[in-house]
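> Residue numbers (our numbering): 312 to 584.
Heads up, the beta-carbon is just placed ideally off N, CA and C, and yes, glycines get one too.
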Amino acid sequence: MRKPPFTPTSRARGALLGAATGWALTGAARGEPALTRALAEELAEGKTDLRQLALRWVELYLAEPESVSPETAAALDHLARHHAPPEAPVGQGSEPIARCLPVALAAAGSPRTLVSATYHIAALTHPEPRVAWAAVAVNLAAGRFLLGKRDFVADVIEALRANAAPEVLVEAARRVPVERRDAIPALSAMAGDAVACAEVALWLAYHEPVAERGLRWLAAGGGGGAGAAAAGGLLGARDGVECLPSPAIAGTADADIWCRLADRLAPALATAG
């Protein structure tokens, strides 16, 4: 496996374009990339106001209600009507895992901030602990890659245990280094099961040396938009934007916008590194 590039910009672009490529390869709806881009824009402007972020998400949802998953739609509808996140879980889908990736770019150098911000942003639509902590697990791995590191499993396990995360997630993280491909969760389960999505994305980031091959395997196997986007974000953060398939990038909607957002967030990585 080749050495990761030591340019923060390459890794930042790889993370955001990797996620966008995952959505593109699976034909995902426009809503999830739009919500993710709104979060990246808020972070790039130095804003950390959850209420303002929620308002932006609600505006995007109301403009195009059919563009997001039913679980996310139910949560954003609740936000629109009650001006507060839902208290009861709306489901265990994996959408927040990819949606929260920009937090890793903004907070890679501060694991405590990364954990807290990821958890609370994920909980805006999915208060189910398994979902929010699955997003944290993936972002912790992304944060390590964005700093030019290769190891991430120990950091993920330590953070999950320190915060009393659901044991099912801790066990999933423990399996990553030793799990065989034929033993990981079915790709078709990734969309509706955040834990399965996190496990597969982390497994690919640990075992798959070729980013394009991993992304195409996910897309062909029915991994779903969020799963492919989460894995794409990890692989892109690990190996830099150069590892991504050029034709897919060319066909990715708003690739230039993703690059500009990554460039605005990259200085935080240079400082952290």
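1) Touch check for the segment 523-541 and the segment 425-440: three-plus C-beta pairs under 8 Å?
2) Using a Cβ-Cβ cutoff of less than 8 Å, which residues in the same chain neighbour V481 once the five nearest sequence positions on both sides are dropped?
3) For the alpha helix (DSSP H) containing F456, list its first residue and its last residue.
4) Out of A417, G536, E377, which has the shortest C-alpha to C-alpha gap to L572?
5) Measuring CA to CA, which of S421, A542, T436, T563 is closest to G454?
6) L546: which of P477, P319, A330 sits nearest, CA to CA?
7) Indicate the three-state DSSP secondary structure (helix, strand or coil) for E490 in the structure shown.
8) Exposed or buried, what is D504 when buried is set at 16 or more other beta-carbons lying within 10 Å of its beta-carbon?
9) What three-state label does DSSP hand R362 in the structure shown?
10) By the three-class DSSP mapping on this structure, what secondary structure does V414 have?
11) Could you check the C-alpha separation between L461 and V449 for me, to the nearest Å?
12) Distance check for H518 and R485, CA to CA, integer angstroms please.
13) With a CB to CB cut of under 8 Å and the five nearest residues on each side skipped, what residues in its chain are close to D574?
14) Within 10 Å of its beta-carbon, does P578 have 16 or more other beta-carbons around it, so buried, or fewer, so exposed?
15) CA-CA distance, C554 and D360?
16) Identify the continuous alpha helix (DSSP H) that holds H389 and give its terminal residues.
17) Could you spell out where the alpha helix (DSSP H) holding P422 opens and where it closes?
18) Is the Cβ-Cβ distance between R441 and P477 less than 8 Å?
19) Here's a check: name, in chain order, each residue in its chain whose Cβ is nearer than 8 Å to the Cβ of I568, leaving out the five neighbours to either side.
20) Let me know the secondary structure DSSP gives L546 once reduced to three states.
21) Compute the beta-carbon to beta-carbon distance between A483 and A509, rounded to the nearest angstrom, for a pair I have assumed lies under 8 Å.
22) Taking its Cβ as the centre, do 16 or more other Cβ atoms sit within 10 Å of A502, making it buried, or is it exposed?
23) Should the segment 332-346 be regarded as contacting the segment 371-385, the criterion being three or more beta carbon pairs within less than 8 Å?
24) For D493 and A531, I'd like the C-alpha separation in whole angstroms.
25) Should T337 and G535 be called a contact, given that it needs their Cβ atoms to be closer than 8 Å?
26) Output needed for P488: all residues of its chain with C-beta closer than 7 Å, excluding positions within five of it in sequence on either side, in chain order.
27) What's the C-alpha gap between A409 and C570?
28) Among the residues of its own chain, which have a CB less than 7 Å from the CB of P376, if the five just before and after it don't count?
29) Could you pull the start and end residues of the alpha helix (DSSP H) that V518 belongs to?
30) In this structure, how does DSSP classify T320 when only helix, strand and coil are distinguished?
Judging by the given coordinates:
1) Under the 8 Å Cβ criterion, the segment 523-541 does not count as touching the segment 425-440, having fewer than three qualifying pairs.
2) Indexing the sequence shown from 1 puts residue 481 at position 170. Within the same chain, V481 has close Cβ partners I468, L471, R472.
3) Position 145 of the sequence shown, counted from the start, is the residue given in the question as residue 456. Here the alpha helix (DSSP H) through F456 covers 440-457.
4) Walking along the sequence shown from the start, residue 572 turns up at place 261. Answer by Cα proximity: A417.
5) Locating residue 454 in the sequence shown gives position 143, counting from the first residue. When only C-alpha atoms are compared, the closest one is S421.
6) What you label residue 546 is simply residue 235 of the sequence shown in a count that begins at 1. Nearest of P477, P319, A330 to L546, Cα basis: A330.
7) One-based indexing of the sequence shown puts residue 490 at position 179. The answer is coil: DSSP assigns E490 none of H, G, I, E or B.
8) On the sequence shown, position 193 is the one that residue 504 refers to. Flag for D504 reads buried.
9) Locating residue 362 in the sequence shown gives position 51, counting from the first residue. Three-state DSSP puts R362 in a helix.
10) The residue given as residue 414 occupies position 103 in the sequence shown. In the structure shown, V414 sits in a helix (DSSP, three-state: H, G or I).
11) On the sequence shown, position 150 is the one that residue 461 refers to. On the sequence shown, position 138 is the one that residue 449 refers to. Residue identity differs from the one stated: residue 461 is Arg in this sequence, not Leu. Each residue's alpha carbon lies about 14 Å from the other.
12) For this step, residue 485 is matched to residue 174 along the sequence shown. For this step, residue 518 is matched to residue 207 along the sequence shown. Looking at the two C-alpha atoms, the distance is approximately 14 Å.
13) For this step, residue 574 is matched to residue 263 along the sequence shown. Same-chain partners within the cutoff: T320, A323, R324.
14) Here residue 578 refers to the residue found at position 267 when the sequence shown is read from its first residue. P578 is exposed by the Cβ-count criterion.
15) Position 243 of the sequence shown holds residue 554. Position 49 of the sequence shown holds residue 360. Straight-line spacing of the CA atoms in C554 and D360 works out to 34 Å.
16) As a first step, residue 389 is located in the sequence shown; it is residue number 78 there, counting from the start. For H389, the uninterrupted alpha helix (DSSP H) segment begins and ends at 381-393.
17) Numbered from its first residue, the sequence shown carries residue 422 at position 111. Taken as a continuous stretch (DSSP letters only), the alpha helix (DSSP H) holding P422 covers 422-434.
18) Here residue 441 refers to the residue found at position 130 when the sequence shown is read from its first residue. Here residue 477 refers to the residue found at position 166 when the sequence shown is read from its first residue. Yes.
19) Taking the first residue of the sequence shown as 1, we reach residue 568 at position 257. Answer for I568: R348, listed in chain order.
20) In the sequence shown, residue 546 corresponds to position 235, counting from 1. Helix, per DSSP.
21) Counted from its first residue, the sequence shown places residue 483 at position 172. Counted from its first residue, the sequence shown places residue 509 at position 198. Indeed they touch by this definition, with Cβ atoms about 7 Å apart.
22) As a first step, residue 502 must be located in the sequence shown, where it is residue number 191. Around the Cβ of A502, a 10 Å sphere holds 16 or more other Cβ atoms; the residue is buried.
23) Three or more pairs of CB atoms, one per stretch, sit closer than 8 Å, so the segment 332-346 contacts the segment 371-385.
24) Numbered from 1 along the sequence shown, position 182 holds the residue referred to as residue 493. Numbered from 1 along the sequence shown, position 220 holds the residue referred to as residue 531. Distance between the alpha carbons of D493 and A531 is about 16 Å.
25) Position 26 of the sequence shown, counted from the start, is the residue given in the question as residue 337. Position 224 of the sequence shown, counted from the start, is the residue given in the question as residue 535. G535 is positioned such that its CB atom lies closer than 8 Å to that of T337.
26) Translated into positions along the sequence shown, residue 488 becomes position 177. The residues are V464, Y517.
27) Numbered from its first residue, the sequence shown carries residue 409 at position 98. Numbered from its first residue, the sequence shown carries residue 570 at position 259. When rounded, the distance between both Cα atoms is 17 Å.
28) For the purposes of this step, residue 376 is identified with residue 65 of the sequence shown, where counting begins at 1. Counting only Cβ-Cβ distances below 7 Å, and skipping sequence neighbours, we find A384.
29) As a position in the sequence shown, residue 518 is number 207, starting the count at 1. Looking at the sequence itself, residue 518 is His, so the reference to Val does not match. First-last of the alpha helix (DSSP H) with H518: 505-518.
30) Within the sequence shown, numbered from 1, the residue matching residue 320 stands at position 9. In this structure, T320 counts as helix in the three-state DSSP scheme.
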